[in-house]
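Read left to right, the sequence shown gives residues -21 to -1, 1 to 242 (mature numbering (1 follows the signal peptide of the UniProt record, and there is no 0)).
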Amino acid sequence: MMVLFATLPAALAAPATPAAAIVGGVRASTTDHPWMVAVASRSVYGDARSGQFCGGTLISPTKVVTAAHCLYDESTGQRVDRPDLSVVVGRTDLAGSAGQEVPVVDTWVDPNYDLNTNEWDVAVLTLAEPQDPRSVLPMVSQGDAAPYATGTAATVLGWGDLHGNGSYPATLHEVQVPMVANATCAADYHSGPSGTYDARTMVCAGRQSLGGRDACQGDSGGPLVVAGRLVGLVSWGEGCAEPGHPGVYTRLSVMADAVRGQL
Ligand code: 4AZ
């Protein structure tokens, strides 16, 4: 489906609805979501989109939570130390200069993180300058299972690929996706090429039979939000927005205390 679209002439491929997003979403603003930040390195990823390569969430004035895999080179399995690693706050349009680029002075990766299985995919970045305390998003409580109930409406945000074909927007997007049952996701990802679902440390969200709405490349590390709380992080998945292949997110309720220990 995505491949077919990519080969069509632009006029035919134009979506029927405006502002197709994250995949299948709409435009969003950091004014409404001041905790939504871009994780960036201009030296590695260039200036066009402020160097953005992952998403992140402000959980305290000086701390951003993101995915551990954002700090690794997945082809070598090595930690990447980008000398100009920064967090972009208050910039909906990454082609612009609104807000602030704040240097990252320290990084913490969950000691249980496993690059091969994608388990415990969480990291905390320490900022050089404190941000407005009103800009933070509260995290789910340790052990709170309620937000992950099957069918619960969650919102995922990011500057990632709009169609799964390398079309990276400058502006933030968001989309609503329902939580997927553990048994369903375990069947979707039992031994596939992208990975195996681990219900303890992961949760899936997406429309199981319809697809069409999802996080995608470049959204990694970004927030999955339920009822005003950070409950998940964009982690992995097979393709983007495909039926039967929901997005897989870090289940933050299992590691919330470890993350809080970093604040
Ligand atoms: C990625 O590689 C990625 N459709 C992020 C999210 C999803 C798949 C891949 C979920 O960053």
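Backbone N, C-alpha and C fix where the C-beta goes; we use that ideal spot for every residue, glycine too.
Open item on the list: Using a Cβ-Cβ cutoff of less than 8 angstroms, which residues in the same chain neighbour Val204 once the five nearest sequence positions on both sides are dropped?
Closed with: The beta carbon of Val204 lies closer than 8 angstroms to those of Leu116, Ala133, Thr134, Val135, Leu136, Val210 in the same chain, with the five residues before and after it left out.
Task: Buried or exposed (CB count within 10 angstroms, at least 16 for buried), Val84 - done: exposed
TODO: With a threshold of 16 other CB atoms inside 10 Å of the CB of Ala(-3), please say whether the residue is buried or exposed.
DONE: At Ala(-3), the pLDDT of 31 sits below 50, so the modelled position is not reliable; the number obtained from the coordinates is stated separately. Exposed, because fewer than 16 other Cβ atoms sit within 10 Å of the Cβ of Ala(-3).
TODO: Could you please go through the chain and list the residues whose beta-carbon is closer than 6 angstroms to any non-hydrogen atom of the ligand 4AZ?
DONE: Asp193, Ala194, Cys195, Gln196, Asp198, Ser199, Val213, Trp215, Gly216, Cys219, Gly226
Task: Three-state secondary structure (DSSP) of Gly224 - done: The amino acid occupying residue 224 in the given sequence is His; Gly does not appear at that position. His224: coil per DSSP, three-state reduction.
Open item on the list: Below 8 angstroms, how does it come out for the region 172 to 180 and the region 39 to 49: are there three or more Cβ pairs, yes or no?
Closed with: Not touching, per the Cβ criterion.
Task: Through-space distance from Ala166 to Ser8, alpha-carbon basis - done: 35 angstroms
Open item on the list: Using the three-state DSSP reduction, which class does Ala(-16) fall into: helix, strand or coil?
Closed with: For Ala(-16), the pLDDT reaches just 34, beneath the cut-off of 50, and the residue's location in the model is therefore unreliable, although a value from the coordinates is still provided. Residue state, collapsed to three classes: helix.
Task: Pro82 - DSSP class collapsed to helix/strand/coil - done: Here DSSP, grouped into helix, strand and coil, assigns Pro82 to strand.
Task: Where His12 sits in the DSSP three-state scheme - done: coil
TODO: For Arg230, I'd like the list of residues in its chain whose CB is within less than 6 angstroms of its CB, leaving aside the five on either flank, ordered along the chain.
DONE: Thr180, Met181, Val182
TODO: Just the C-alpha distance for Ser120 and Gly30, rounded to the nearest angstrom, thanks.
DONE: 32 angstroms
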